[in-house]
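There are 2 protein chains.
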Amino acid sequence: MIHGKNYIGHSTSAQGSKTYQTFNPLLNRENETLFHEASEEEINNAVSLSKAAFNTYKELSGSRKASFLEAIADEIMELGDELIQTYCSESGLPEGRAMGERGRTIGQLRSFAHLIKEESWVDASIDTAQPDRAPIPKADIRKMLVPLGPVVVFGASNFPLAYSTAGGDTASALAAGCPVIVKSHPMHAGTGELVASAIISAAKKTGMPDGVFSNLNSSGIEVGQSLVKHPDVKGVGFTGSIRGGRALYDLAASREEPIPVFAEMGSINPVIILPSAMNKDGAEWAATYAGSITLGSGQFCTNPGLLLGLDGDEMEHFVAQLSEEIIKKEPSCMLHPNIIGAYEKNKAMATAQAGTDVAASYSEEVPPNFARQTVLTVNGKTFLENNSLHHEVFGPFSLVVKAKDMTELVEIISGLEGQLTGTIIAEEEELSNNPTLVGALQNRVGRLIYNGVPTGVEVCPSMHHGGPYPSSTDSRFTAVGIHAIKRWVRPVSYQNWPNNLLPNALKDENPLKISRLVNQEQTKDEL
Amino acid sequence: MIHGKNYIGHSTSAQGSKTYQTFNPLLNRENETLFHEASEEEINNAVSLSKAAFNTYKELSGSRKASFLEAIADEIMELGDELIQTYCSESGLPEGRAMGERGRTIGQLRSFAHLIKEESWVDASIDTAQPDRAPIPKADIRKMLVPLGPVVVFGASNFPLAYSTAGGDTASALAAGCPVIVKSHPMHAGTGELVASAIISAAKKTGMPDGVFSNLNSSGIEVGQSLVKHPDVKGVGFTGSIRGGRALYDLAASREEPIPVFAEMGSINPVIILPSAMNKDGAEWAATYAGSITLGSGQFCTNPGLLLGLDGDEMEHFVAQLSEEIIKKEPSCMLHPNIIGAYEKNKAMATAQAGTDVAASYSEEVPPNFARQTVLTVNGKTFLENNSLHHEVFGPFSLVVKAKDMTELVEIISGLEGQLTGTIIAEEEELSNNPTLVGALQNRVGRLIYNGVPTGVEVCPSMHHGGPYPSSTDSRFTAVGIHAIKRWVRPVSYQNWPNNLLPNALKDENPLKISRLVNQEQTKDEL
Numbered sequence: 014m015i016h017g018k019n020y021i022g023h024s025t026s027a028q029g030s031k032t033y034q035t036f037n038p039l040l041n042r043e044n045e046t047l048f049h050e051a052s053e054e055e056i057n058n059a060v061s062l063s064k065a066a067f068n069t070y071k072e073l074s075g076s077r078k079a080s081f082l083e084a085i086a087d088e089i090m091e092l093g094d095e096l097i098q099t100y101c102s103e104s105g106l107p108e109g110r111a112m113g114e115r116g117r118t119i120g121q122l123r124s125f126a127h128l129i130k131e132e133s134w135v136d137a138s139i140d141t142a143q144p145d146r147a148p149i150p151k152a153d154i155r156k157m158l159v160p161l162g163p164v165v166v167f168g169a170s171n172f173p174l175a176y177s178t179a180g181g182d183t184a185s186a187l188a189a190g191c192p193v194i195v196k197s198h199p200m201h202a203g204t205g206e207l208v209a210s211a212i213i214s215a216a217k218k219t220g221m222p223d224g225v226f227s228n229l230n231s232s233g234i235e236v237g238q239s240l241v242k243h244p245d246v247k248g249v250g251f252t253g254s255i256r257g258g259r260a261l262y263d264l265a266a267s268r269e270e271p272i273p274v275f276a277e278m279g280s281i282n283p284v285i286i287l288p289s290a291m292n293k294d295g296a297e298w299a300a301t302y303a304g305s306i307t308l309g310s311g312q313f314c315t316n317p318g319l320l321l322g323l324d325g326d327e328m329e330h331f332v333a334q335l336s337e338e339i340i341k342k343e344p345s346c347m348l349h350p351n352i353i354g355a356y357e358k359n360k361a362m363a364t365a366q367a368g369t370d371v372a373a374s375y376s377e378e379v380p381p382n383f384a385r386q387t388v389l390t391v392n393g394k395t396f397l398e399n400n401s402l403h404h405e406v407f408g409p410f411s412l413v414v415k416a417k418d419m420t421e422l423v424e425i426i427s428g429l430e431g432q433l434t435g436t437i438i439a440e441e442e443e444l445s446n447n448p449t450l451v452g453a454l455q456n457r458v459g460r461l462i463y464n465g466v467p468t469g470v471e472v473c474p475s476m477h478h479g480g481p482y483p484s485s486t487d488s489r490f491t492a493v494g495i496h497a498i499k500r501w502v503r504p505v506s507y508q509n510w511p512n513n514l515l516p517n518a519l520k521d522e523n524p525l526k527i528s529r530l531v532n533q534e535q536t537k538d539e540l
Numbered sequence: 014m015i016h017g018k019n020y021i022g023h024s025t026s027a028q029g030s031k032t033y034q035t036f037n038p039l040l041n042r043e044n045e046t047l048f049h050e051a052s053e054e055e056i057n058n059a060v061s062l063s064k065a066a067f068n069t070y071k072e073l074s075g076s077r078k079a080s081f082l083e084a085i086a087d088e089i090m091e092l093g094d095e096l097i098q099t100y101c102s103e104s105g106l107p108e109g110r111a112m113g114e115r116g117r118t119i120g121q122l123r124s125f126a127h128l129i130k131e132e133s134w135v136d137a138s139i140d141t142a143q144p145d146r147a148p149i150p151k152a153d154i155r156k157m158l159v160p161l162g163p164v165v166v167f168g169a170s171n172f173p174l175a176y177s178t179a180g181g182d183t184a185s186a187l188a189a190g191c192p193v194i195v196k197s198h199p200m201h202a203g204t205g206e207l208v209a210s211a212i213i214s215a216a217k218k219t220g221m222p223d224g225v226f227s228n229l230n231s232s233g234i235e236v237g238q239s240l241v242k243h244p245d246v247k248g249v250g251f252t253g254s255i256r257g258g259r260a261l262y263d264l265a266a267s268r269e270e271p272i273p274v275f276a277e278m279g280s281i282n283p284v285i286i287l288p289s290a291m292n293k294d295g296a297e298w299a300a301t302y303a304g305s306i307t308l309g310s311g312q313f314c315t316n317p318g319l320l321l322g323l324d325g326d327e328m329e330h331f332v333a334q335l336s337e338e339i340i341k342k343e344p345s346c347m348l349h350p351n352i353i354g355a356y357e358k359n360k361a362m363a364t365a366q367a368g369t370d371v372a373a374s375y376s377e378e379v380p381p382n383f384a385r386q387t388v389l390t391v392n393g394k395t396f397l398e399n400n401s402l403h404h405e406v407f408g409p410f411s412l413v414v415k416a417k418d419m420t421e422l423v424e425i426i427s428g429l430e431g432q433l434t435g436t437i438i439a440e441e442e443e444l445s446n447n448p449t450l451v452g453a454l455q456n457r458v459g460r461l462i463y464n465g466v467p468t469g470v471e472v473c474p475s476m477h478h479g480g481p482y483p484s485s486t487d488s489r490f491t492a493v494g495i496h497a498i499k500r501w502v503r504p505v506s507y508q509n510w511p512n513n514l515l516p517n518a519l520k521d522e523n524p525l526k527i528s529r530l531v532n533q534e535q536t537k538d539e540l
């Protein structure tokens, strides 16, 4: 039963007088539960508990922390149908998507548990002493990764499970040894509360310290701001809009002690379709992209919002095919009236720009909160001159840019803001003949895709999800995959430390049997 | 012959009308050469060249870039005695120190050359396709580190060679594949110019693109500000004061596209001396610390500015011994009149704080620009209540804090700003009996030292030089050692990319024979 209260560590609390409700976009009405926004006192209590929990939690072994993550996965499954129904009622997304996303969430938790159980991820490094070295002796120096401290996580509107309460940011921070305070996303506060209850239950069952996790409700920006400004918070994870992410980044950067903010934000994911591919498989790519643009009502951070090609007959033909295919798609429900409101507004703004033409736009009647897919076209020169066309229209929308030649195409790519992904559709020979194009695209993106679609972000070690700004605030880190743990840790060196008092990862006898860099050789041997 | 001009890529340039001179603190007079401050046009030209050079330089093989770094090392040695004499005339530091620092600089360049020649450092990772996976096939995804783009480096006043023109920041950025623009430190502009000439000469000899390196003169803050604000600059390295580093950090964070700034700034490097050590080896530790506090006139970022212990007879005795030892030290010349001016001012401010007592202060006459070492004492309560005592006094100075008990000592440690290092001097049993103290210290520092001194930063993989703010702006990265390269790179994934068009590090046949994570197993095998 959803109660609408905050979790301040292991305890529920509802001191605040401000309440709000979530919204069912399919039924076009509010859901019943009243959620209590966290008060300033509750925020401070959560951070205090988190700070105290850090000193205990950071010292736990990898296998203890792994058992916590695995218990979270189990407890989420235990929530059963209530979680799936709540998810659907707060997002308008279908049951299949809810179950798929739950699977992804569970998979992420288990993969971080697997990573930390083994413990080689702490990048242990040992340089032994050389007491006889001239002119000065060399001390024994050893290094490993340690957690930063309490981390605040802001969930995403478009991934109520996989990038929210127990999503990638929370899983990676807990795996790193950082307590987490979630600022619950107001659009799916019920889903968030259920997942929070699973985390708390797992924390109790596995003996984790009170404060290792808290979940704070909030419908506005104040709770998030207070958390990011709090001196005992040491890192921030965010998935959402550029405006929201940048505001948090600015707030964190203006603190007396600035802290790292990893914000994964907007991206229009440019796709370059070259003539060879249009000639050979134009119809197939048109159908594939009609699917990718409208997938999940276009509500993915990797949605292809920009298609680029060379003007000419192939391009005209491709646009005609794409237009035909995209109109065939059944419109679907967006997450929230605010989201479809923004979609309609941004689409209208793009359409109103001089030089844009509507190639295709679904025009039939649709139920409330359903998005009508649209494709615009524009020539390269107009696109280069009008920056407003470079911004994301979040939803089932794509802008096709027709460049007059390869030089203009490279100029367009080089002038784009940073992107999560960049795709090239071409025959291999045409790809290999255009290294400048590939080099320019690589400078602007975090992931290059050949002959595929950007939607679908595989969770694996080789996945990088995070590109140059504004697709993320720090392109050096990923939000997806096991390396996401690196956002929440820092190295610490131990010089001349007595062997028996060193952390296990650094002891001579290598009790954890992990892989370590010992005098510049990677090995699992003891010293 | 030092000409006082800027290096804009391979060419010298002196368009600006503003000039300045360096200062010889030993002779207490200005050196002769007039240095031409870079103009706005020269700054823009340097960045444009750097941007163009990036696209060529980033594609070079590891061994090509390594030959460049090795040539820089050779060319610096070729500068011979002129470099050493210029160094001494601009710093007041002795010849032995100059040669030692040159050796460190050369060593750093060669160790980065060694690292990138082998190329495993790019952290290549490969997850092969699973076309038959249900419900959706898995694409082939591969990942490696790529350089960020042009990097601006600000040299340190206190390391004219090892942390300046061709110092750790420049060496690591060039190794990563980033062109470098150095904002030359005005106190040692001649040393900087000579080293810049060596880099340019090495670039020409090894066929590096024009713009891979530039050196801009500046005596004020405007040139640095213009560089950090320039949209084509993608990263910043800085070593210096908190005020200077924070100003650059704020500037970079306020850009339309924020960029990473790694600033290594102030630190008072707390040293905790526990009773067991004072009893056993008090006299020896007093002599050792008298040496560490006055080493290089206290002008090291790891200088022990804060000694902490428990009040009592052992402490009184230790302070008396330390006072006796430190007075015996011969005062030495500081780097510049501005630096000794700040030292005298900050020392006077600390001395004027209520509750502080002078334990020892060198009172003999000294030549101009020589610093007189000083040790103050204060009790724990006063220190806790007066934050101004927590700030660095850059020079041969240390404050001894006498805590009333272990609880107060832990409170003091927990309330300190972030530090590069933290040291504990104790018998092993006393160390092992105080895990809370160790845990609290670990939370505040980047390196823990047992029974040693913080001065002396070994260059090795296990060295971490960079702690919580304000000792550095991002505790997740180091300024010393091969891992410093990680500041200037970001991962890029390649999805479904044709094997023959992948970078060599990611090709099936592993032509570079590097260590890679292939389907979650670390291996040097081909696929």
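Chains A and B, in that order, are what the protein sequence lines are. The first sequence begins at 14 in the working numbering and counts up one residue at a time. The second sequence begins at 14 in the working numbering and counts up one residue at a time. Here a beta-carbon is modelled for each residue, glycine too, at the ideal position from N, C-alpha and C.
Ser-305/B CB to nearest chain A CB: under 7 Å? No, because no Cβ of chain A sits closer than 7 Å to the Cβ of Ser-305/B.
Using the three-state DSSP reduction, which class does Asp-324/A fall into: helix, strand or coil? In this structure, Asp-324/A counts as coil in the three-state DSSP scheme.
Can you pull out the residues from the stretch 507-535 of chain A whose beta carbon lies closer than 8 Å to at least one beta carbon of chain D? Note that chain D does not occur in the displayed structure, where the protein chains are A and B.
Exposed unless 16 or more other CB atoms sit within 10 angstroms - verdict on Asp-418/B: Within a 10 Å sphere around the beta-carbon of Asp-418/B sit fewer than 16 other beta-carbons, which makes this residue exposed.
Suppose the cutoff is 6 Å on Cβ atoms and the five residues either side in sequence are ignored; what does the same chain contact list for Ala-195/A look like? The sequence given here places Val at residue 195/A; Ala does not occur at that position. Closer than 6 Å at the Cβ level, and outside the excluded window around Val-195/A, lie Val-166, Thr-178, Asn-228.
Would Lys-156/B pass as an interface residue toward chain A - the criterion being a Cβ-Cβ separation below 7 Å? So, interface residue.
Checking the sheet assignment: what are the DSSP bridge partners for Ala-554/B? Nothing about residue 554/B can be read from this structure; chain B reaches only from 14 to 540.
Which stretch, first to last residue, makes up the beta strand (DSSP E) that contains Asn-25/A? As written in the sequence, residue 25/A is Thr, which differs from the Asn given in the question. Start and end: 24-26.
Taking just the CA atoms, how far does His-16/A sit from Pro-317/B? Distance between the alpha carbons of Pro-317/B and His-16/A: 54 Å.
Just checking: is the beta-carbon of Ala-186/A within a distance shorter than 7 Å of some beta-carbon in chain B? False, the Cβ-Cβ gap to chain B never drops below 7 Å.
Going by CA-CA distance only, name the one from Arg-117/A, Ser-475/A, Ala-363/A that's closest to Met-90/A. Restricting attention to Arg-117/A, Ser-475/A, Ala-363/A, the CA atom closest to the CA of Met-90/A is found in Arg-117/A.
Going by beta-carbon coordinates alone, are Pro-467/B and Thr-307/B separated by less than 7 Å? Against a cut-off of 7 Å, the Cβ pair of Thr-307/B and Pro-467/B comes out as no contact.
Rounded to a whole number of angstroms, what is the C-alpha to C-alpha distance between Val-502/B and Ile-85/B? Cα to Cα, Val-502/B sits roughly 22 Å from Ile-85/B.
What would DSSP say about Glu-430/B, mapped onto helix, strand or coil? DSSP places Glu-430/B in coil when its eight states are reduced to three.
Strictly under 7 Å for the Cβ-Cβ distance: is Tyr-302/B near chain A by that measure? No, Tyr-302/B does not count as interfacial toward chain A.
Considering only DSSP beta bridges, list what Gln-143/A is partnered with. According to DSSP, which records beta bridges pairwise, Gln-143/A is partnered with Lys-151/A.
Contact with chain B by Glu-539/A, beta-carbon distance below 7 Å: Glu-539/A is outside the set of residues whose beta carbon lies under 7 Å from a beta carbon in chain B.
Starting from Pro-504/A, follow its DSSP beta bridges and name the residues at the other end. Bridge partners of Pro-504/A: Leu-158/A.
Mind listing the chain A neighbours of Gly-459/B? Cutoff is C-beta to C-beta under 8 Å, in chain order. Residues of chain A passing the Cβ test: Arg-503, Pro-504, Val-505, Ser-506.
In whole angstroms, what is the alpha-carbon distance linking Ala-202/B and Phe-48/B? Ala-202/B and Phe-48/B: Cα-Cα distance of roughly 7 Å.
Just checking my contact of Met-200/A with Ser-231/A at CB under 8 Å: how many whole Å lie between their CB atoms? Taking 8 Å as the upper bound for CB-CB distance, Met-200/A and Ser-231/A are not in contact here, some 12 Å apart.
Kindly indicate if chain B contains any beta-carbon less than 7 Å away from that of Ala-79/A. Interface criterion not met: the Cβ of Ala-79/A is under 7 Å from no Cβ in chain B.
Does the Cβ-Cβ distance between Ala-276/B and Phe-251/B come in under 7 Å? Closer than 7 Å, so yes.
Where Glu-50/A falls, given that 16 or more other Cβ within 10 Å makes a residue buried: Here Glu-50/A is buried, its C-beta having at least 16 other C-beta atoms within 10 Å.
Ser-133/A, DSSP secondary structure in three states: Correct three-state label for Ser-133/A: helix.
Give the residues of chain B in contact with Gly-309/A, contact being defined as C-beta atoms less than 8 Å apart. Ordered by position in chain B, no residue passes the 8 Å Cβ test against Gly-309/A, which lies about 14 Å from the chain.
Which residues, taken in chain order from the stretch 148-177 of chain A, show a beta carbon closer than 8 Å to some beta carbon of chain B? Across the stretch 148-177 of chain A, CB contacts with chain B closer than 8 Å involve Ile-149, Lys-151, Ala-152, Ile-154, Arg-155, Lys-156, Val-159, Leu-161, Gly-162, in sequence order along the chain.
Residues of the stretch 463-477 of chain A with Cβ closer than 8 Å to any Cβ of chain B, in chain order: With the criterion set as a beta carbon lying under 8 Å from some beta carbon of chain B, the members of the stretch 463-477 of chain A are Tyr-463, Asn-464, Gly-465, Gly-469, Glu-471, Cys-473, Pro-474, Ser-475, Met-476, His-477, in sequence order.
Would you decide whether Leu-412/B is buried or exposed? Buried here means 16 or more other CB atoms lie within 10 Å of its CB. Burial state of Leu-412/B is buried, judged by a 10 Å Cβ sphere holding 16 or more other Cβ atoms.
Which bits of chain B does Gly-452/A rub up against, with CB to CB less than 9 Å? The answer, in chain order, is Asn-68, Lys-71, Glu-72.
Does the Cβ of Gly-93/B have 16 or more other Cβ atoms within 10 Å, making it buried, or fewer, making it exposed? Label assigned to Gly-93/B: exposed.
Hey, Asp-153/B and Asn-509/B are a contact pair by Cβ (cut 8 Å); roughly how many whole angstroms apart? 6 Å between Cβ atoms; contact.
In this structure, does DSSP put Lys-196/A in helix, strand or coil? Secondary structure of Lys-196/A (DSSP, three-state): strand.
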